[in-house]
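Engineer: Here you go, one structure.
There are 2 protein chains.
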Amino acid sequence: MQDFDYRNPTRIVFGKGSIARLKDLIGPRDRVLMTYGGGSIRKNGVYDQVRQALPGRDVIEFGGIQSNPLYETLIKAVALVKERQVTFLLAVGGGSVLDGTKFIAAAARFDGPDPWAILAKGAPVKTAVPLGAVLTLPATGSESNGFAVISRHETGEKLAFASDACFPCFAILDPAVTLSLPANQVRNGIVDAFMHVLEQYVTYPVNAPLQDRQAEAILKTLIEEGPKTLANPRDYDARANLVWSATQALNGWIGQGVPQDWSTHMIGHELTAFFGIAHAESLAVVMPSLFRHEIAAKRAKLAQFARRVWGVNEPDDLKAAETAIARTVEFFHSLGMKTRLADYGIAAGEAGGKISSRFRARGVKLGEHQAIDAGAVAEILAAC
Amino acid sequence: MQDFDYRNPTRIVFGKGSIARLKDLIGPRDRVLMTYGGGSIRKNGVYDQVRQALPGRDVIEFGGIQSNPLYETLIKAVALVKERQVTFLLAVGGGSVLDGTKFIAAAARFDGPDPWAILAKGAPVKTAVPLGAVLTLPATGSESNGFAVISRHETGEKLAFASDACFPCFAILDPAVTLSLPANQVRNGIVDAFMHVLEQYVTYPVNAPLQDRQAEAILKTLIEEGPKTLANPRDYDARANLVWSATQALNGWIGQGVPQDWSTHMIGHELTAFFGIAHAESLAVVMPSLFRHEIAAKRAKLAQFARRVWGVNEPDDLKAAETAIARTVEFFHSLGMKTRLADYGIAAGEAGGKISSRFRARGVKLGEHQAIDAGAVAEILAAC
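So the protein sequences, as listed, match chains H and C. Residue numbers for the first sequence follow numbering that gives the first Met the number 0, so the first one is 0 and each next one is one higher. Residue numbers for the second sequence follow numbering that gives the first Met the number 0, so the first one is 0 and each next one is one higher.
Encoded structure:
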């Protein structure tokens, strides 16, 4: 096992009706900025539940945070936080609202001329406006970590930052409010959570059997409960298991003491930035090609994945590894998820050229061995 | 899945040499009370590592906290904390030092005439002196939870309390400092951690597949790594895996959203209080008889335990459940752990009489169904 240093202070309030708990979770004297997305919370009752939980409180609203939240939008909220002296941010939505709200929280307290430096230059975020979350979409795990990914329309960039100051103080997880989600969003959430686990699991062995089994526990549960909740969207138990699995896929726990990859995410972010496909779609397109390209380095863990998660009885590691990739692709297809660039009308050569050029300019090397350079990225995308 | 509300703010600093990190984890202006046990930390180098990590700091010492820490000892430290205006408690030791230090932390800030009420009357602990931990013995999980169990010599009682205010701010887990532990302490730690998982797992199904698999992950890892670290005490990797498993067995995580039992612990505490056997020894003695007594109610989960953890291929649930108990007893024996009251020269009838009388007087009912009354406790102990 590798050394590590881990803390996750987010309080998880899980269950039916838990939005009503907001009144105890936010201080009575806080001035709250409630952030949300395109307005679906007004249709599914979440908006009303939140407002009813906070009668007489000082709450300002900021709606309209997009999927792949835009810097250009968020910076308006930063001005509002400063102008109105907001003391608490309440994110009501999925990963995009959560990520956007983390940026608002960090940028409002940023000590420098331009908060874009948090993303573009890795400027450290030492403090942030406290924030809490009401989750409406199980997918990104953003409700219980300090990560955020923000896009900038002007430059076509999609960049990440992380800060201990950006962990939500609390996350309300009421599976009941997610039952009305459209199937494509549920499907994307399953694939996103699955990929979060694979990024922390499909690397190389470091004698960390507990972490391995915990990663496998989430993968098996997603394989079991994901199709159940898609087949029967009103099944509360299946949805609850999906919600809890998605949170745990990226609350940091399974990644402690083990190597991590994240190259599929880094390449996927660029596909979204250049071509606009959804985050989970980008991951499902990149992973098969990337794992095949890196199969020599990832062989041992892919073979373990095949045997323990997919129940593959194949003694040869390389063959088992190939089967693990094929079975994962089949699983994604069974959920209705496409796995080829051509499925989205994107030319592999064009994607490889644009993205590898950008990585070359940035000098980026990806993966658990930092061995995937711009040339390898072009090869990987050519085979997507 | 059941509803839950969970927060674990403890920062885990894991790895070789991590005691040196103390200087960044404790505030430079804190007045620290360093608590420890019988002095083994002076022999194994931990004392020196702690003092070297805090040069020039304001550190007072309080040694001599016993196994099954005594109220009569701890109350002296409470007076010291008040008299010297201590602002931070640093527990250096295993579960007993940790638990004792939590009581010191709570009692020093207790708003009432007699802090024993925290244990005897469940008086709420709303605040405590902040504390941190340097763990020297993987076993109880106390380094990352808000629980403590305290004994009182005068009355022969052993009682528990819990408070969110008593979570350690940080826990330093350096597996290297545990390599010199005597075999019986390592063995007790393995059994203690194993039993913590069983108390949260062997109840009844509530459709919580992720929690089940996470519990099984810890059990399998203890079965695999426990014997390895006993056979080769200098194997750092095996010890690291044991340390991380023991922490996770009782940091609260696997118990969220599922029923919990804890009757083996409640009866075991009384065996320790009346007859002085070690905590883990008491659990290994009570569990087989208790699980057999409750086999009808626990059958489904015991059968799952048999099939998934012990690899038992038995279609009948009751037979599989019996096999799970037998295999667990065999595992404990293989570690050198005894499982009968007679092994300790304790008469089962006497134990049953004393302990059931005490539970009857307290009106206690135990177990996930609150169905184990004083009469059942007498039957269970008669068969131990």
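Idealized CB from N, CA, C, for every residue including glycine.
1. Hey, how far is the Cα of Pro123 (chain H) from the Cα of Ser162 (chain H)?
2. So with Cβ pairs under 8 Å, would you call Asp236 (chain C) a contact of chain H?
3. The alpha helix (DSSP H) that contains Val49 (chain H), what's its start and end?
4. Where do the ends of the alpha helix (DSSP H) carrying Leu241 (chain C) lie?
5. Could you confirm whether any beta carbon from chain C is found closer than 8 Å to the beta carbon of Trp243 (chain H)?
6. In whole angstroms, what is the alpha-carbon distance linking Gln65 (chain H) and Lys125 (chain C)?
7. Do the segment 350-363 of chain C and the segment 264-272 of chain C touch if we need at least three Cβ pairs shorter than 8 Å?
8. Quick check on DSSP: helix, strand or coil for Ala127 (chain H)?
9. Using a Cβ-Cβ cut-off of 6 Å (strictly less than) and excluding sequence neighbours within five positions of Ala159 (chain C), which residues of its own chain qualify?
10. How is Gly5 (chain H) classed by DSSP in three states: helix, strand or coil?
11. Taking 8 Å as the threshold (C-beta atoms), are Leu334 (chain C) and Val242 (chain C) in contact?
12. Check each residue of the segment 247-275 of chain C: if its Cβ is closer than 9 Å to any Cβ of chain H, include it; give the result in chain order.
13. For a contact meaning CB atoms closer than 7 Å, what does Phe87 (chain C) contact in chain H?
14. Since Asn240 (chain H) meets chain C, which of its residues come closer than 8 Å, beta carbon to beta carbon?
15. Within 10 angstroms of its Cβ, does Asn312 (chain C) collect 16 or more other Cβ (buried), or is it exposed?
16. Looking at the structure shown, is Gly251 (chain C) part of a helix, part of a strand, or coil, going by DSSP?
17. At a CB distance below 7 Å, what residues from the segment 149-169 of chain H approach chain C? Give them in sequence order.
18. Opposite Glu329 (chain C) in the DSSP bridges: which residues?
19. Just to confirm my understanding: we take Ala127 (chain C), look at its own chain, exclude 5 residues before and 5 after, and list those with CB closer than 7 Å. What are they?
20. Roughly how many whole angstroms lie between the Cα atoms of Pro287 (chain C) and Gln303 (chain C)?
21. Just the Cα atoms here: how many angstroms apart are Gly275 (chain C) and Pro68 (chain C)?
22. Terminal residues of the continuous alpha helix (DSSP H) containing Ile25 (chain H)?
23. Mind checking if Arg212 (chain H) is an interface residue toward chain C, Cβ cutoff 8 Å exclusive?
24. Compare the Cα-Cα distances from Ala272 (chain C) to each of C:Ile222, C:Pro226, C:Thr154 and C:Glu293 and report the closest residue.
25. Unbroken alpha helix (DSSP H) runs of length 4 or more, entirely within the segment 66-149 of chain H: which are they?
26. Taking Cβ-Cβ distances shorter than 9 Å, what residues in chain C pair up with Phe3 (chain H)?
27. Of the residues C:Leu289, C:Ala245 and C:Asp260, which one's Cα is nearest the Cα of Ser174 (chain C)?
28. Tell whether a beta-carbon distance below 8 Å holds between Ala239 (chain C) and Asp191 (chain C).
29. How should Arg233 (chain H) be labelled, buried or exposed, when 16 other C-beta atoms within 10 angstroms of its C-beta is the threshold for buried?
30. Residues of chain H with CB under 7 Å from Lys227 (chain C), in chain order?
31. What are the boundary residues of the alpha helix (DSSP H) that Lys219 (chain H) is part of?
32. Return the bridge partner residues of Met194 (chain H) from the DSSP annotation.
33. Measure how close the beta-carbons of Val12 (chain H) and Met33 (chain H) come, nearest whole angstrom, since I'm counting them as under 8 Å.
34. In its own chain, which residues sit with a C-beta less than 7 Å from the C-beta of Ser179 (chain H), not counting the 5 before and 5 after it?
35. So Thr9 (chain H) packs on Ala170 (chain H), CB below 8 Å; how close in whole Å?
36. Along the segment 93-118 of chain C, what residues have a CB closer than 9 Å to any CB found in chain H?
Structural biologist: Taking the structure as given:
1. Here residue 123 (chain H) is taken as the residue at index 124 of the first sequence, counted from 1. Here residue 162 (chain H) is taken as the residue at index 163 of the first sequence, counted from 1. One C-alpha to the other measures close to 8 Å.
2. The count along the second sequence starts at 1 and reaches residue 236 (chain C) at position 237. It does; some Cβ of chain H falls within 8 Å.
3. Looking up residue 49 (chain H) in the first sequence gives position 50. Note, Val49 (chain H): alpha helix (DSSP H), Val45 to Ala52.
4. For this step, residue 241 (chain C) is matched to residue 242 along the second sequence. First-last of the alpha helix (DSSP H) with Leu241 (chain C): Tyr235 to Ala248.
5. Within the first sequence, the letter at position 244 stands for residue 243 (chain H). By this cut-off, Trp243 (chain H) is an interface position.
6. The residue given as residue 65 (chain H) occupies position 66 in the first sequence. The residue given as residue 125 (chain C) occupies position 126 in the second sequence. Cα to Cα, Gln65 (chain H) sits roughly 41 Å from Lys125 (chain C).
7. yes
8. Position 128 of the first sequence, counting from 1, holds the residue named residue 127 (chain H). Looking at Ala127 (chain H) - three-state DSSP - the assignment turns out to be coil, as it is neither helix nor strand.
9. Taking the second sequence and counting its residues from 1, one reaches residue 159 (chain C) at position 160. Around Ala159 (chain C): Val148.
10. Taking the first sequence and counting its residues from 1, the one referred to as residue 5 (chain H) is at position 6. Checking the displayed sequence, the identity of residue 5 (chain H) turns out to be Tyr instead of Gly. Correct three-state label for Tyr5 (chain H): strand.
11. Reading the second sequence from its first residue, position 243 is the one you call residue 242 (chain C). Reading the second sequence from its first residue, position 335 is the one you call residue 334 (chain C). No; because the gap between Cβ atoms is not below 8 Å, this pair is not in contact.
12. Gln247, Trp252, Gln255 and Gly256
13. As a first step, residue 87 (chain C) is located in the second sequence; it is residue number 88 there, counting from the start. Per Cβ cutoff of 7 Å: no residues; Phe87 (chain C) is ~17 Å from chain H at best.
14. Reading the first sequence from its first residue, position 241 is the one you call residue 240 (chain H). Chain C residues near Asn240 (chain H): Met0, Asn206, Ala207, Pro208 and Leu209.
15. Reading the second sequence from its first residue, position 313 is the one you call residue 312 (chain C). Flag for Asn312 (chain C) reads exposed.
16. One-based indexing of the second sequence puts residue 251 (chain C) at position 252. Note: Gly251 (chain C) maps to coil in three-state DSSP.
17. none
18. Against the second sequence, residue 329 (chain C) aligns to sequence position 330. Answer is none; Glu329 (chain C) lacks a bridge partner.
19. Position 128 of the second sequence holds residue 127 (chain C). Hits under 7 Å: Ala104, Ala105, Arg108, Ser162, Ala164 and Cys165.
20. Counted from its first residue, the second sequence places residue 287 (chain C) at position 288. Counted from its first residue, the second sequence places residue 303 (chain C) at position 304. Between Pro287 (chain C) and Gln303 (chain C), the C-alpha separation is close to 17 Å.
21. As a working mapping, residue 275 (chain C) is identified with position 276 in the second sequence. As a working mapping, residue 68 (chain C) is identified with position 69 in the second sequence. Distance between the alpha carbons of Gly275 (chain C) and Pro68 (chain C) is about 12 Å.
22. Position 26 of the first sequence holds residue 25 (chain H). No alpha helix (DSSP H) contains Ile25 (chain H), which DSSP labels as neither H nor E.
23. Translated into positions along the first sequence, residue 212 (chain H) becomes position 213. For Arg212 (chain H), the answer is yes, since a Cβ of chain C falls inside 8 Å of its Cβ.
24. In the second sequence, the residue the question calls residue 272 (chain C) occupies position 273. Looking at the Cα atoms, C:Thr154 is the closest of the given residues.
25. 70-82, 94-107 and 116-119
26. Here the question's residue 3 (chain H) lines up with position 4 in the first sequence. Neighbours of Phe3 (chain H) on chain C, chain order: Ile11, Val12, Phe13 and Gly14.
27. For the purposes of this step, residue 174 (chain C) is identified with residue 175 of the second sequence, where counting begins at 1. The question names Ser, yet the displayed sequence has Pro at residue 174 (chain C). Cα-wise, what sits closest to Pro174 (chain C) is C:Ala245.
28. Your numbering for residue 239 (chain C) matches position 240 in the second sequence. Your numbering for residue 191 (chain C) matches position 192 in the second sequence. Taking 8 Å as the Cβ cut-off, Ala239 (chain C) and Asp191 (chain C) do not qualify as a contacting pair.
29. Here residue 233 (chain H) is taken as the residue at index 234 of the first sequence, counted from 1. With fewer than 16 other Cβ atoms within 10 Å, it is exposed.
30. By one-based count along the second sequence, residue 227 (chain C) stands at place 228. Correct list: empty, because the minimum Cβ distance to chain H is about 10 Å.
31. Position 220 of the first sequence, counted from the start, is the residue given in the question as residue 219 (chain H). Lys219 (chain H) -> alpha helix (DSSP H) spans Pro208 to Ala230.
32. Working through the first sequence from its first residue, we reach residue 194 (chain H) at position 195. Partner(s): none; Met194 (chain H) has no beta bridge.
33. Reading the first sequence from its first residue, position 13 is the one you call residue 12 (chain H). Reading the first sequence from its first residue, position 34 is the one you call residue 33 (chain H). No, Val12 (chain H) and Met33 (chain H) are not in contact; Cβ-Cβ is about 17 Å, not under 8 Å.
34. Position 180 of the first sequence holds residue 179 (chain H). Closer than 7 Å at the Cβ level, and outside the excluded window around Ser179 (chain H), lie Asn43.
35. Position 10 of the first sequence, counted from the first residue, corresponds to residue 9 (chain H). Position 171 of the first sequence, counted from the first residue, corresponds to residue 170 (chain H). With a Cβ gap of about 5 Å, Thr9 (chain H) and Ala170 (chain H) count as contacting.
36. none
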